[in-house]
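Residue numbering for the sequence shown is -19 to -1, 1 to 136, as defined by mature numbering (1 follows the signal peptide of the UniProt record, and there is no 0). For every residue, glycine included, the Cβ atom is placed at its ideal position computed from N, Cα and C. Bear in mind the structure is a predicted one, so any value in this text is a computation, not a measurement. Quick notes on the structure that follows.
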Amino acid sequence: MKVLKLGFFLFSLSISQFAVSDADSEREAEILLTSMGMEEAMTQTMSQMVDFQLQQNPTLAPFKSVIIKFFAKHMSWASLKSEFVKIYSEAFSAKELREINEFYATETGRKTIQLMPSLSAQGGQIGADRVQENIGELQAMIKAESERLQKLSVQ
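This is how it looks when you write it as structure tokens:
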């Protein structure tokens, strides 16, 4: 019986250590997301999504306030924060998140946070430009594959 109690105690202790780790990771993830300016980024993204939707479908313009309300409910930082904290705290240990947070607290880290959206957008533009420059090749490849598949379906 003592062995069973000791086993249960050790099991409980190991679970509580994981719970502390998870709580530490979640706390560090919240710090990271705050330092990354996720609330502001989500607000800006939400606004851009609404503008994009209205640009793609101008008939929705009279419903702009409804769309904003919908996005505020389902895409706002308040509605998504816990899920972001979860994915970051599952991807990184509390120690790793502390190290990331320490970096972002430096001048270089703050500069990284500030420049990352622009650098990512520039990288995306490079990719889009490259595809556009070579779109003819893609179209030819698709045409050749379509013809190949068509010949196979006839046989």
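| How do the region 64 to 79 and the region 45 to 52 stand: do at least 3 beta-carbon pairs fall below 8 Å, yes or no? | no
| Beta-carbon gap between residue 85 and residue 6 smaller than 9 Å | In the sequence shown, the residue the question calls residue 85 occupies position 104. In the sequence shown, the residue the question calls residue 6 occupies position 25. No, Cβ-Cβ distance for residue 85 and residue 6 is not below 9 Å.
| task | Let me know if residue 14 comes out buried or exposed under the rule of 16 or more other beta-carbons within 10 Å of its beta-carbon. | result | The count along the sequence shown starts at 1 and reaches residue 14 at position 33. That one is buried.
| query | How is residue 82 classed by DSSP in three states: helix, strand or coil? | reply | Residue numbering aside, residue 82 sits at position 101 when the sequence shown is read from its first letter. Helix.
| query | Does the beta-carbon of residue 10 have 16 or more other beta-carbons within 10 angstroms, so that it is buried, or is it exposed? | reply | Taking the sequence shown and counting its residues from 1, one reaches residue 10 at position 29. By the neighbour-count rule (16 or more Cβ atoms within 10 Å), residue 10 is buried.
| message | Using 9 Å as the threshold, is the C-beta distance between residue 27 and residue 53 below it? | response | Stepping through the sequence shown from its first residue, residue 27 is reached at position 46. Stepping through the sequence shown from its first residue, residue 53 is reached at position 72. It is a contact, given that the beta carbons lie within the stated cut-off.
| query | In the region 27 to 99, which residue ranges form an unbroken alpha helix (DSSP H) of at least 4 residues, counting only runs that do not cross its ends? | reply | 45 to 55, 58 to 72 and 75 to 85
| Range of the contiguous alpha helix (DSSP H) that encloses residue 122 | Against the sequence shown, residue 122 aligns to sequence position 141. Residue 122 -> alpha helix (DSSP H) spans 116 to 135.
| message | For residue 56 and residue 124, I'd like the C-alpha separation in whole angstroms. | response | For the purposes of this step, residue 56 is taken as the residue at position 75 of the sequence shown. For the purposes of this step, residue 124 is taken as the residue at position 143 of the sequence shown. C-alpha separation (whole angstroms): 39 Å.
| Pairwise C-alpha distance: residue 4 and residue 89 | Within the sequence shown, the letter at position 108 stands for residue 89. Within the sequence shown, the letter at position 23 stands for residue 4. The alpha-carbon atoms of residue 89 and residue 4 are separated by roughly 28 Å.
| Among the residues of its own chain, which have a CB less than 6 Å from the CB of residue 16, if the five just before and after it don't count? | For the purposes of this step, residue 16 is identified with residue 35 of the sequence shown, where counting begins at 1. Here the set comprises 85.
| said: Quick check on residue 78: buried or exposed, where buried means 16 or more other Cβ atoms within 10 Å of its Cβ? | reply: Taking the sequence shown and counting its residues from 1, the one referred to as residue 78 is at position 97. Counting every other CB atom within 10 Å of its CB across the protein chains shown gives residue 78 a total of 16 or more, marking it as buried.
| said: Quick check on residue 31: buried or exposed, where buried means 16 or more other Cβ atoms within 10 Å of its Cβ? | reply: As a working note, residue 31 is residue 50 in the sequence shown. With 16 or more Cβ atoms within 10 Å of its Cβ, residue 31 is classed as buried.
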